[in-house]
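**Q** Reading the sequence shown from the start, the letters are residues 17 to 128 in our numbering. We put the CB at the ideal spot given by N, CA and C, even for glycine. Nothing here was measured: the structure is a model prediction, and the numbers come from that model. A single structure is presented below for examination.
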Amino acid sequence: MSKIGLIAKREFLSRVTKKSFIIGTFLTPIVIGLFGFVVGKIMSYRDDKTTTIAVVDQSGQLKDRIKSTKQLNIVQPTEGVDLIKSKIEKKELDYLGVFGCATADRFAGQET
Numbered sequence: 017m018s019k020i021g022l023i024a025k026r027e028f029l030s031r032v033t034k035k036s037f038i039i040g041t042f043l044t045p046i047v048i049g050l051f052g053f054v055v056g057k058i059m060s061y062r063d064d065k066t067t068t069i070a071v072v073d074q075s076g077q078l079k080d081r082i083k084s085t086k087q088l089n090i091v092q093p094t095e096g097v098d099l100i101k102s103k104i105e106k107k108e109l110d111y112l113g114v115f116g117c118a119t120a121d122r123f124a125g126q127e128t
């Protein structure tokens, strides 16, 4: 063999036979696969809990535009805001949204 071939062989074997190279060669694909699996599991997680939001529409213009979905239940209470806040503290409602005339004017021409 030529001198260049001997040097190339020695350099190659000195790098390939190191413990860090062998661990990195096998560990890197395992870590990448595990990362992809974890991300896939997180993305496929679905929360079946329905969130209930009390919407107080002081202008009366938004009540027909806000719709409930499978995971979001919109209720339009007839009680006062203080009673609704106590229901939130009792965990009967999840959130409260109060929309006044200025809010209705801001969203007046937009589609939902």
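Can you look up Leu112 in the DSSP assignment and give me helix, strand or coil?
**A** Strand at Leu112.
**Q** Using 8 Å for Cβ pairs, my map puts Asp110 next to Ile69. What's the rounded Cβ distance?
**A** That belief holds up - the Cβ atoms of Asp110 and Ile69 are roughly 6 Å apart, short of 8 Å.
**Q** If you reduce the DSSP assignment to three classes, tell me which class Leu43 lands in.
**A** Note: Leu43 maps to helix in three-state DSSP.
**Q** What is the rounded straight-line gap between the Cα of Glu27 and the Cα of Ile38?
**A** Rounded to whole angstroms, Glu27 to Ile38 spans 15 Å at the Cα level.
**Q** When we look at the beta-carbon of Asp73 and count the other beta-carbons within 10 Å, is it buried (16 or more) or exposed?
**A** It is buried - the Cβ of Asp73 has at least 16 other Cβ atoms within 10 Å.
**Q** To which residues does DSSP link Thr67 through a beta bridge?
**A** DSSP, once it has assigned bridges, lists Leu88 as partnering Thr67.
**Q** Bridge partners of Asp73, per DSSP?
**A** Asp73 is bridged to Phe115.
**Q** Would you be able to state if there are at least three C-beta pairs under 8 Å between the region 47-56 and the region 87-102?
**A** Short answer: they don't touch.
**Q** Going by C-alpha to C-alpha distance, which of Leu112, Lys79 and Gly52 sits closest to Ser60?
**A** It is Gly52.
**Q** Taking only the alpha-carbon atoms, compute the straight-line gap between Leu22 and Arg62 and give it to the nearest angstrom.
**A** Approximately 59 Å, taken between the alpha carbons.
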